[in-house]
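Before any comments, here is the structure.
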Amino acid sequence: MVDADALERGGIVLAVVVVAVLLGWVVFVVVPDDFAELLGVVLVLVTVVVAARIGSNAAGSLVPAHNVAEVAVEGPITRDGGGGIASPPTGASADDVVEQIERADEDKGAEALLLKLNTPGGQIVPSEDIRLAAERFDGPTVAYATDVCASGGYDIAAGCDELWAREGSIVGSIGVIGSRVNAKDLADQAGLSYEQFTAGEYKDAGTPLKEMTDDEREYLQGIVDDYYDQFVETVAAGREMDDETIRETEARIFLGTEAHERGLVDDIGTRDDIEDRLETHLGETVTVAEFEPERGLMGRLRGGAQRVAFAFGAGLASTVGGDVDGLSFRR
12 MVDADALERG GIVLAVVVVA VLLGWVVFVV VPDDFAELLG VVLVLVTVVV AARIGSNAAG
72 SLVPAHNVAE VAVEGPITRD GGGGIASPPT GASADDVVEQ IERADEDKGA EALLLKLNTP
132 GGQIVPSEDI RLAAERFDGP TVAYATDVCA SGGYDIAAGC DELWAREGSI VGSIGVIGSR
192 VNAKDLADQA GLSYEQFTAG EYKDAGTPLK EMTDDEREYL QGIVDDYYDQ FVETVAAGRE
252 MDDETIRETE ARIFLGTEAH ERGLVDDIGT RDDIEDRLET HLGETVTVAE FEPERGLMGR
312 LRGGAQRVAF AFGAGLASTV GGDVDGLSFR R
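If you read the sequence shown in this note's numbering, its first letter stands for residue 12, the second for the next number, and so on.
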């Protein structure tokens with residue numbers, strides 16, 4: 012199957028090059044008389060090179076050389092990956108990863124999705140967006156943990172048909188954390204006082220410049236508990252496990268071997284082992300193509316503008332990692 016496709020791709024490239032040679036020869040050599048004849052051969056060669064590139068791209072689109080798409084989720088998961096206009100992302104951009112998975116789903120050659128996970132987790136909704144994109148992929152989906160597949164990373168894995176890990180991979184952390192900085196004592200020492208102008212009893216719950224009341228603590232803990240219940244339900248459905256087994260992990264992390272024993276991982280193996288499994292799924296030799304983000308300079312400019320606008324509208328503390336009024340929720 013792969014050899015036949017390779018021959019077909021080669022035929023497409025050759026056909027495009029032949030057409031380009033004939034056209035270039037007529038336009039640059041046969042028709043002109045003097046000056047163009049001197050440059051004719053050079054221009055024909057340039058035309059051939061350009062045509063070969065165009066033909067190669069066309070062949071890759073019409074008869075893809077791959078049958079598996081690989082998408083990587085690496086680093087802390089945020090909406091835009093962090094970083095700035097001039098600096099690279101510091102983690103996994105959920106929007107970019109979702110876009111890559113959707114391109115893979117539309118790609119003619121991608122019959123299966125290989126999701127590489129090396130992430131400690133991150134923001135809750137961005138993690139869920141990636142998981143939902145993996146669930147929508149039309150074909151077998153296999154996730155594999157390299158170094159770390161924890162928290163939001165495990166949430167994503169729950170949306171795949173299988174999860175593989177290495178013996179030394181860190182897997183798990185099925186839990187939620189909500190945090191705030193208590194800066195009241197520091198503010199007091201600096202002579203700063205907090206004055207409240209709010210509408211709604213819990214609007215400033217978690218504000219770092221005041222002590223938290225028992226009612227506010229109970230209210231915020233309830234939000235964390237709700238997030239946790241959702242996480243457990245998601246993993247239970249995706250991994251076909253019962254809720255109690257998941258809760259018994261107590262949000263701990265496990266090495267790959269113990270995670271496998273607990274049913275958190277389907278199998279232990281190397282990248283080659285995973286490709287062998289995909290060959291079983293597809294019934295043919297596996298050729299993997301890595302899908303990369305397409306966001307360029309304009310995308311970074313838009314992301315930077317959005318962060319600046321949000322900072323003015325909601326306050327600087329709310330722009331860091333999806334925080335709300337000084338609170339940070341992570342999975």
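Here a beta-carbon is modelled for each residue, glycine too, at the ideal position from N, C-alpha and C.
Three-state secondary structure assigned by DSSP to residue i
i, result
"Glu206", "coil"
"Gly267", "helix"
"Glu272", "helix"
"Met309", "Confidence is the limiting factor: at Met309 the pLDDT is only 49, short of 50, which leaves the residue's position unreliable, though a coordinate-based value still follows. Residue state, collapsed to three classes: helix."
"Leu174", "strand"
"Ala316", "A caution first: Ala316 carries a pLDDT of 47, below 50, which makes its placement in the model too unreliable to give a value."
"Arg90", "coil"
"Ala103", "strand"
"Asp253", "coil"
"Arg342", "coil"
"Asp284", "helix"
"Asp166", "helix"
"Glu118", "Inspection of the sequence shows that residue 118 is occupied by Asp rather than by Glu. In this structure, Asp118 counts as coil in the three-state DSSP scheme."
Cβ distance (whole Å) where residue i is taken to contact residue j below 8 angstroms
i, j, result
"Ala168", "Ala154", "4 angstroms"
"Glu290", "Thr298", "Glu290 to Thr298, Cβ: 10 angstroms. No contact."
"Pro131", "Gly164", "7 angstroms"
"Arg258", "Val243", "6 angstroms"
"Val182", "Tyr239", "With a Cβ gap of about 18 angstroms, Val182 and Tyr239 do not count as contacting."
"Gly233", "Phe340", "12 angstroms between Cβ atoms; not a contact."
Chain-order list of residues whose beta-carbon lies under 7 angstroms from that of residue i (same chain, five-residue window excluded)
i, result
"Cys171", "Leu126, Ala145, Thr152, Val153, Ala154"
"Gln207", "Asp215"
"Lys221", "Lys195, Tyr205"
"Ala270", "Ala176, Val182, Gly183, Val276"
Of the residues the options, the one placed nearest residue i, counting alpha carbons only
i, options, result
"Asp278", "Arg177, Leu197, Thr89, Asp253", "Arg177"
"Asp107", "Lys119, Leu124, Glu85", "Glu85"
"Glu110", "Ser339, Pro304, Arg341, Arg342", "Pro304"
"Gln241", "Asp254, Leu231, Tyr230", "Asp254"
"Val235", "Lys195, Val276, Ile185", "Ile185"
"Ala194", "Val182, Arg142, Gly217", "Gly217"
"Phe302", "Ser104, Glu229, Glu81", "Glu81"
"Ala161", "Phe148, Ser138, Gly150", "Ser138"
"Phe148", "Lys119, Asp91, Gln134, Ile135", "Lys119"
"Ile2", "Leu231, Phe340, Ile88, Ile285", "Because the chain in this structure spans residues 12 to 342, residue 2 falls outside the shown range and cannot be described."
"Gly294", "Asn78, Gln134, Ser339, Asp225", "Asn78"
"Gly150", "Ala26, Asp116, Tyr213", "Asp116"
"Tyr213", "Leu33, Tyr230, Leu203", "Tyr230"
"Ala103", "Leu124, Ala26, Gln134, Ala248", "Gln134"
Proximal residues to residue i (C-beta, below 8 angstroms), its chain only, five neighbours per side dropped
i, result
"Thr209", "Asp215"
Contacts around residue i, its chain only, beta-carbon distance under 6 angstroms, and the 5 residues preceding and following it disregarded
i, result
"Ala97", "The predicted model places Ala97 with a pLDDT of 49, which falls under 50 and marks its position as unreliable; any figure quoted below should be read in that light. Same-chain partners within the cutoff: there are none."
"Thr157", "Asn129"
"Ala198", "Leu220"
Extent of the continuous alpha helix (DSSP H) run through residue i
i, result
"Ala144", "135 to 147"
"Leu197", "195 to 200"
"Glu261", "Per DSSP, Glu261 belongs to no alpha helix (DSSP H) and is neither H nor E."
"Leu220", "No alpha helix (DSSP H) holds Leu220; DSSP gives it neither H nor E."
Element boundaries [beta strand (DSSP E), containing residue i]
i, result
"Tyr230", "Premise fails: Tyr230 lies in the alpha helix (DSSP H), 225 to 250, not in any beta strand (DSSP E)."
"Arg191", "188 to 191"
"Leu124", "123 to 130"
"Thr152", "152 to 161"
"Ile181", "181 to 183"
"Val6", "This structure leaves residue 6 out entirely; the chain is present only between 12 and 342."
"Ala80", "79 to 85"
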